[in-house]
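Student: Sequences listed follow chains A and B, in order.
When we follow this note's numbering, the leftmost residue of the first sequence carries the number 111, and every step to the right adds one.
When we follow this note's numbering, the leftmost residue of the second sequence carries the number 111, and every step to the right adds one.
Think of the CB as a built atom: it goes at the ideal place given N, C-alpha and C, for glycine as much as any other residue.
Sharing a structure, written as structure tokens. Questions coming.
There are 2 protein chains.
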Amino acid sequence: MELDERNKRVLQAVIDSYIASGIPIGSNVLAKRYDFGVSSATLRNIMAELEEMGYLTHPHTSAGRIPTDWGYRYYIDSLISVQNEAEDIEDHLRQAPPLHSGNLHELMMEASQFLAALSHCAGVVVAPSEPEGKYKHIEFVRLRGRQVLIIFVANTGSVQNKLIELDESIQQHDLNTFSVYLDEELERHTLTEIRQRLIEKMKEEKRLFMRLMEQTYRASQEMQERDVEKVYIGGASQILENPEFANVEKMRSLFKAFEDKYKLLRLLDRSVAAEGIKVFIGSENHYFEMQGCSVVVSSYKAGENIIGTLGVIGPTRMQYKQVIQVVDYTAKLVSRLLSERFQKGIER
Amino acid sequence: MELDERNKRVLQAVIDSYIASGIPIGSNVLAKRYDFGVSSATLRNIMAELEEMGYLTHPHTSAGRIPTDWGYRYYIDSLISVQNEAEDIEDHLRQAPPLHSGNLHELMMEASQFLAALSHCAGVVVAPSEPEGKYKHIEFVRLRGRQVLIIFVANTGSVQNKLIELDESIQQHDLNTFSVYLDEELERHTLTEIRQRLIEKMKEEKRLFMRLMEQTYRASQEMQERDVEKVYIGGASQILENPEFANVEKMRSLFKAFEDKYKLLRLLDRSVAAEGIKVFIGSENHYFEMQGCSVVVSSYKAGENIIGTLGVIGPTRMQYKQVIQVVDYTAKLVSRLLSERFQKGIER
DNA sequence: TATTAGCACTCTATTATCGTGAGTGCTAAT
DNA sequence: ATTAGCACTCACGATAATAGAGTGCTAATA
Chain A
111 MELDERNKRV LQAVIDSYIA SGIPIGSNVL AKRYDFGVSS ATLRNIMAEL
161 EEMGYLTHPH TSAGRIPTDW GYRYYIDSLI SVQNEAEDIE DHLRQAPPLH
211 SGNLHELMME ASQFLAALSH CAGVVVAPSE PEGKYKHIEF VRLRGRQVLI
261 IFVANTGSVQ NKLIELDESI QQHDLNTFSV YLDEELERHT LTEIRQRLIE
311 KMKEEKRLFM RLMEQTYRAS QEMQERDVEK VYIGGASQIL ENPEFANVEK
361 MRSLFKAFED KYKLLRLLDR SVAAEGIKVF IGSENHYFEM QGCSVVVSSY
411 KAGENIIGTL GVIGPTRMQY KQVIQVVDYT AKLVSRLLSE RFQKGIER
Chain B
111 MELDERNKRV LQAVIDSYIA SGIPIGSNVL AKRYDFGVSS ATLRNIMAEL
161 EEMGYLTHPH TSAGRIPTDW GYRYYIDSLI SVQNEAEDIE DHLRQAPPLH
211 SGNLHELMME ASQFLAALSH CAGVVVAPSE PEGKYKHIEF VRLRGRQVLI
261 IFVANTGSVQ NKLIELDESI QQHDLNTFSV YLDEELERHT LTEIRQRLIE
311 KMKEEKRLFM RLMEQTYRAS QEMQERDVEK VYIGGASQIL ENPEFANVEK
361 MRSLFKAFED KYKLLRLLDR SVAAEGIKVF IGSENHYFEM QGCSVVVSSY
411 KAGENIIGTL GVIGPTRMQY KQVIQVVDYT AKLVSRLLSE RFQKGIER
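Given below as structure tokens:
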């Protein structure tokens, strides 16, 4: 059954009011605040209809209406018009300067805080995952004895490191030789390929380099997997400002969830493939048992390639219009910064 | 006025009970649970005395006694005996494995979570601050055009990086040359000294290297200052398990405080100079308006040098005995790992 | 047929009242 | 110095009463 124009307007009015005030909306309030040209009795009928269709509900018999998750979904898909973004963009620009990004880590942190500040929700940023074979440089630093620190520098400017322990001591000089060799090869090949070629080339001899290669390879694999560190959460306490989290138990479980960054990652990464904004309302996000929470995410790019995700987690009753704009703006901002400052496509 | 033996025992009993149960302790309960050989009436007198001396208080007329901050202070300084650490150490060992420390960042994170898990409070670790002139290696990676990524490797194995933009393009080859030069100099001098010598040596000529040196120097300064990233907080949600934070407003302010890492740093770093455990009870910590919170901190070392701080933030009513042992144990554990795996004193 | 006024009914949230019990402080006896 | 006894205090929980917002239904109206 389709909604006629008037019903749409009523639904929108109810959701708008509820988002703004947080209290269930009754027919009288609605009739008074908006000018529908009909009485509250008619509005009651309409609202009952909308409830039957699943867009609205009410907490108890004598309370006003609140949107269901389904109602929010319809609201976002059909009722939000993003016509007035111009005025908001100014708001953003005024607050934009903080994003200066001395290095990738900082940029991610700042972006998450930026999101939080502007959306009054928790800001979440998933750092770029380095596709295999995107290393620019691999460096070995001998710390002492057989301990070697391997440093991976990716095209995006991301730097990761791992400490390994070799079977036998090795000179810094030899490490440098190997590093130069690797860098040259990296121009044309992925780490996996290099490893393959090395295995073929030097069967038994040069055991030491072979070992080092193995360790390097394994370390790089570990880097890939250790995604957990890549989730930046900013301004989580923002979310507590919302009255719906006055319930202590809810808060607790929410913060527990924030600490489980792996799950967060799964949740956010679902949108990484596609471009544009995605909104997951309440029960729509399955990875995460967050009651009463919505997630607004977008992907960001470096050059033409989508490389990461960023967004916002907040109460289901959030200012979707604004939040969507903020997330969109931030994604574009981060994309621009990354594209400008790091990496130009595949070119080296 | 000094406390006689019996009063001490009563004070200890009250605090022990209150820490264990969280509810104010009345004279009857005390007389029943402990065997003082006196009646509840006498205990009432004693408790009134202790209250007058400032060690105890009660929330309202007809409630039992609870410790004041002062009472806790006395409890910790004079009443806690750490005789039975043997039994607890076993507990720790069973849970110890998780600390494997692939790199410094991981070690810090794991340590903070370790602290949280064992103390049921929030675990906080301040990463080693690199004293000037402790760099092992400085690497330059040309990303594209005039963008260069500077990577600092410290003796502790800590790796930091910063992206800079030069006035003119520079070849990777030249960067390597400079890196080799710096590394050699770093064997004997601090960055500040090297800069000085460079300025004297090559007045006008070699402008490019001079510029690079300036940028490198400035970047290293910034690294020093950007301490904020160095605070690792683990298991903050642990703290919510405590009933005293059922109050939403309290929780909120606490989490806000956690996000202000700079203040946290100030608070924790007060203990960095001295060795051993420090306890700040409730109002005793001034940097931080955390009502009802206590902080237990210790410093950790690499070799002989104190290089960082770690500890726990929890409700004033915490299991001091256990927590102190946990913090002590963790500090030693981290010290051992750092001493073993990285840096051997000043030797290179 | 769609809208509206009117009204009975429902349910929450607020406030008031009261009893209960743990605990204190004081006094007088030991 | 210790203790028994007792009056007094005060938070806490349960219960009851009230107010008010809002609904759903019915019958009247345009």
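Alpha helix (DSSP H) containing F365(B): first to last residue?
Tutor: Run containing F365(B): 358 to 369, per the alpha helix (DSSP H) assignment.
Student: Once the 5 residues before and after D277(B) are set aside, which same chain residues still bring their CB inside 8 Å of it?
Tutor: Here the set comprises R256, R321.
Student: So for M303(A), helix, strand or coil by DSSP?
Tutor: It should be pointed out that residue 303(A) corresponds to Glu in this sequence rather than to Met. DSSP places E303(A) in helix when its eight states are reduced to three.
Student: Measure from the C-beta of I261(A) to each C-beta in chain B and report whether the shortest distance is under 9 Å.
Tutor: I261(A) counts as touching chain B.
Student: How should I456(A) be labelled, buried or exposed, when 16 other C-beta atoms within 10 angstroms of its C-beta is the threshold for buried?
Tutor: Reliability fails at I456(A), whose pLDDT of 35 lies under 50, so the model's placement of it is uncertain and no value is given.
Student: Could you tell me whether any Cβ in chain B is nearer than 9 Å to the Cβ of K272(A)?
Tutor: It does; some Cβ of chain B falls within 9 Å.
Student: Could you run through the stretch 351 to 364 of chain B and flag, in chain order, every residue whose CB is less than 7 Å away from some CB of chain A?
Tutor: Against chain A - using a Cβ distance shorter than 7 Å - the residues of the stretch 351 to 364 of chain B are A356, V358, M361, R362.
Student: Beta carbon of I176(A), beta carbon of L160(A): below 9 Å?
Tutor: Going by C-beta atoms, I176(A) is not nearer than 9 Å to L160(A).
Student: One question on the structure: do V407(A) and V234(A) come within less than 9 Å of each other, judged by their Cβ atoms?
Tutor: Yes, they are a contact pair.
Student: With a threshold of 6 Å on Cβ separation, who are the neighbours of S149(B) within its own chain once the five nearest residues in sequence on each side are excluded?
Tutor: So no residue of the chain qualifies.
Student: Please report how far the alpha carbon of E162(B) lies from the alpha carbon of L153(B), in whole angstroms.
Tutor: If I take the Cα positions, the gap works out to 14 Å.
Student: Ignore the nearest five residues each way along the sequence and tell me which others in D438(A)'s own chain have a CB closer than 8 Å to its CB.
Tutor: Answer for D438(A): I387, S408, listed in chain order.
Student: Go ahead and label K442(B) buried or exposed: buried means 16 or more other beta carbons lie within 10 angstroms of its beta carbon, across all protein chains shown.
Tutor: Label assigned to K442(B): exposed.
Student: Quick one: residues in its chain with C-beta nearer than 6 Å to the C-beta of V269(A), no 5 flanking neighbours on either side, listed in chain order?
Tutor: So the list reads V263, once near-sequence residues are dropped.
Student: How far does the alpha helix (DSSP H) with K118(B) in it reach, from first residue to last?
Tutor: That run of the alpha helix (DSSP H) goes 115 to 131.
Student: Tell me the residue span of the beta strand (DSSP E) that contains K82(B).
Tutor: What is shown of chain B runs 111 to 458, which leaves residue 82(B) out entirely.
Student: If you drop the 5 nearest sequence neighbours on each side, which residues of the same chain put their C-beta closer than 7 Å to that of Q223(B)?
Tutor: Hits under 7 Å: G233, G344, G345.
Student: Flag this pair as yes or no: are the beta carbons of S229(B) and M361(B) separated by less than 9 Å?
Tutor: Their beta carbons are not under 9 Å apart, which means S229(B) does not touch M361(B) by this criterion.
Student: State the Cα-Cα distance for the pair K454(A) and V358(A), rounded to the nearest angstrom.
Tutor: Residue placement at K454(A) is poorly supported in this model, since its pLDDT is 41, which falls under 50; the coordinates are not used for a value here.
Student: For N415(B), which residues in chain A fall below 9 Å Cβ to Cβ?
Tutor: Result: empty, since nearest Cβ-Cβ is about 16 Å, beyond 9 Å.
Student: I need the boundaries of the beta strand (DSSP E) containing Y410(B), first residue and last residue.
Tutor: Per DSSP, Y410(B) belongs to the beta strand (DSSP E) from 403 to 412.
Student: Chain B partners of V269(A), CB-CB under 8 Å?
Tutor: Correct list: L259, I261, V269, N271.
Student: Closest by CA to L273(A), which one among M333(A), E294(A), E216(A)?
Tutor: Among M333(A), E294(A), E216(A), the Cα nearest to that of L273(A) belongs to M333(A).
Student: Given a threshold of 16 other Cβ atoms within 10 Å of its Cβ, counted over all protein chains shown, does A384(B) qualify as buried or as exposed?
Tutor: When all chains shown are included, A384(B) counts as exposed.
Student: Just tell me which of G424(B), E115(B), H283(B) has its CA closest to the CA of L350(B).
Tutor: For the residues G424(B), E115(B), H283(B), the minimum Cα distance to L350(B) belongs to G424(B).
Student: Using only CA atoms, which one of L374(A), I434(A), E249(A) lies nearest to H237(A)?
Tutor: As written in the sequence, residue 237(A) is Ala, which differs from the His given in the question. Of L374(A), I434(A), E249(A), the residue nearest in Cα terms is L374(A).
Student: Less than 9 Å between CB atoms is the rule here; does A346(B) satisfy it with respect to chain A?
Tutor: Yes, its Cβ sits closer than 9 Å to a Cβ of chain A.
Student: Where I416(B) and V444(B) are concerned, what is the direct C-alpha to C-alpha distance, given to the nearest angstrom?
Tutor: Using only the alpha carbons, I get a separation of about 12 Å.
Student: Distance, Cα to Cα, R458(B) vs H283(A)?
Tutor: Note that R458(B) has pLDDT 35, beneath the 50 cutoff, so the model's placement of it is unreliable and the number below is only indicative. The alpha-carbon atoms of R458(B) and H283(A) are separated by roughly 15 Å.
Student: For the alpha helix (DSSP H) that I156(A) lies in, which residues bound it at each end?
Tutor: Note, I156(A): alpha helix (DSSP H), 150 to 162.
Student: Go ahead and label K142(A) buried or exposed: buried means 16 or more other beta carbons lie within 10 angstroms of its beta carbon, across all protein chains shown.
Tutor: Counting Cβ neighbours within 10 Å, K142(A) comes out exposed, since fewer than 16 surround it.
Student: Using the three-state DSSP reduction, which class does K346(A) fall into: helix, strand or coil?
Tutor: For the record, residue 346(A) in the displayed sequence is Ala; it is not Lys. DSSP places A346(A) in helix when its eight states are reduced to three.
Student: Hey, could you find the ends of the alpha helix (DSSP H) Q223(A) is sitting in?
Tutor: Element bounds for Q223(A): 214 to 229.
Student: Of all Cβ atoms in chain B, is any one closer than 9 Å to the Cβ of K373(A)?
Tutor: Not one chain B Cβ lies under 9 Å of K373(A).
Student: Can you confirm whether H247(B), when its beta carbon is compared against all beta carbons of chain A, has any partner nearer than 9 Å?
Tutor: Answer yes: the Cβ-Cβ gap between H247(B) and chain A drops below 9 Å somewhere.
Student: Answer yes or no: does any C-beta atom of chain B fall closer than 9 Å to that of K388(A)?
Tutor: No, K388(A) does not count as interfacial toward chain B.
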